[in-house]
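Reading through the structure tokens given below for one structure.
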Amino acid sequence: MSKRRVVLTGAAGYIGQRMFRELSERWELVPIDARGTTRDGKAIPGIVVADLTQPNRDAYRRHFRGADAVIHCAYVSAPGLSADTWQDNGDAKFWAEHQNVAL
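Numbering of the sequence shown is given in my numbering, commencing with residue 290 and proceeding in unit increments.
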């Protein structure tokens with residue numbers, strides 16, 4: 290019996306990287322992220338580099354075809370915001386969260 294196909298969005302991120310190994314051992318994993326490396330610059334084997342915030346879904350639709358499940362860990366953070374400045378930056382926070390909802 291073949292492995293089920295699982296798409297992992299945000300595969301290069303903090304949460305995605307913690308799930309990557311176990312998921313790839315159990316499932317036919319399709320890791321997707323906007324970048325092809327971890328935060329420390331380590332290449333991620335088999336990663337699909339795609340910007341899922343693009344309105345044109347045809348640009349990445351093929352990566353989801355035949356998927357039995359999608360584990361959605363992708364996240365867009367507001368540029369330049371820290372825990373200290375997050376509350377005072379309504380516009381930047383709004384547009385970052387707008388992209389997260391669109392994902």
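Glycine residues also receive a C-beta, built at the ideal position from the N, C-alpha and C atoms. If you're wondering where the values come from, they're calculated on a predicted model, not measured in any experiment.
In whole angstroms, give me the CA-to-CA distance for residue i and residue j.
{"i": "Ile321", "j": "Arg294", "result": "13 angstroms"}
{"i": "Thr342", "j": "Ala332", "result": "22 angstroms"}
{"i": "Tyr364", "j": "Ser291", "result": "30 angstroms"}
{"i": "Ala356", "j": "Val296", "result": "7 angstroms"}
{"i": "Ala300", "j": "Ile360", "result": "10 angstroms"}
{"i": "Ala339", "j": "Arg354", "result": "15 angstroms"}
Need the endpoints of the beta strand (DSSP E) that residue i sits in, please.
{"i": "Arg310", "result": "From DSSP, Arg310 is part of no beta strand (DSSP E) but of the alpha helix (DSSP H) over Tyr303 to Arg315."}
So is residue i buried or exposed if we call it buried at 16+ other beta carbons inside 10 Å?
{"i": "Phe309", "result": "buried"}
Who pairs with residue i in a beta bridge, going by DSSP?
{"i": "Arg294", "result": "Glu317"}
{"i": "Thr326", "result": "Ala332"}
{"i": "His361", "result": "Thr298"}
{"i": "Val338", "result": "Asp322"}
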